[in-house]
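Engineer:
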Amino acid sequence: MGCLSTGVSERDELHCLIQGKDSVGEFARKLLAKAKVAHQSHDKRIISQLAIDVFIKGLRSDIRKAIRQLPKKDDYDEVVSSAEKEARILDQERAEDCDAMGAPCQ
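Residues are numbered in our numbering as their position in the sequence shown, beginning at 1, plus a constant of 18.
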């Protein structure tokens with residue numbers, strides 16, 4: 019069953035989330051809200067760990083690869099902060115590459 023199917027459960031929908039054009043922070047907020055609804059009967063630590071796993075899997079591939087190179091963290095907010103930092107670094111590197119090539123950046 020695809021993520022766009024009608025009747026998808028909250029849990030299934032959670033696992034289908036991807037960052038897309040959202041900022042890391044926006045994606046993190048949406049995901050955590052869905053995780054809390056989908057797993058409301060679970061302990062906060064379990065929700066946090068699940069949210070971390072789904073968050074990392076749903077990140078843009080360049081950010082996901084950078085995050086997976088870092089030491090594992092068990093705190094959702096710390097993982098999100100690390101992802102935001104990596105996104106800024108990657109965006110800065112992209113801008114510098116465009117400047118060096120004299121090409122307009124998108």
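The C-beta atom is built at its ideal place from N, Cα and C for all residues, glycine as well.
Considering residue 93, what are the terminal residues of the alpha helix (DSSP H) in which it resides?
Structural biologist: Taken as a continuous stretch (DSSP letters only), residue 93 belongs to no alpha helix (DSSP H), as it is neither H nor E.
Engineer: Mapping DSSP to helix, strand and coil, what is residue 36?
Structural biologist: coil
Engineer: Have a look at residue 66 and residue 118 and give me their C-alpha separation to the nearest angstrom.
Structural biologist: For the pair residue 66 and residue 118, the Cα-to-Cα distance works out to about 41 angstroms.
Engineer: Give the secondary structure of residue 49 by DSSP, where H, G and I count as helix, E and B as strand, and everything else as coil.
Structural biologist: helix
Engineer: Based on Cα-Cα distance, which residue from 31, 115, 96 lies nearest to residue 57?
Structural biologist: 31
Engineer: Please classify residue 37 as buried or exposed, where buried requires at least 16 neighbouring CB atoms within 10 angstroms.
Structural biologist: buried
Engineer: Do you know how far the Cα of residue 112 is from the Cα of residue 49?
Structural biologist: 26 angstroms
Engineer: Which stretch, first to last residue, makes up the alpha helix (DSSP H) that contains residue 63?
Structural biologist: 62-76
Engineer: Identify whether residue 120 lies in helix, strand or coil by the three-state DSSP scheme.
Structural biologist: Annotated three-state conformation of residue 120 is coil, per DSSP.
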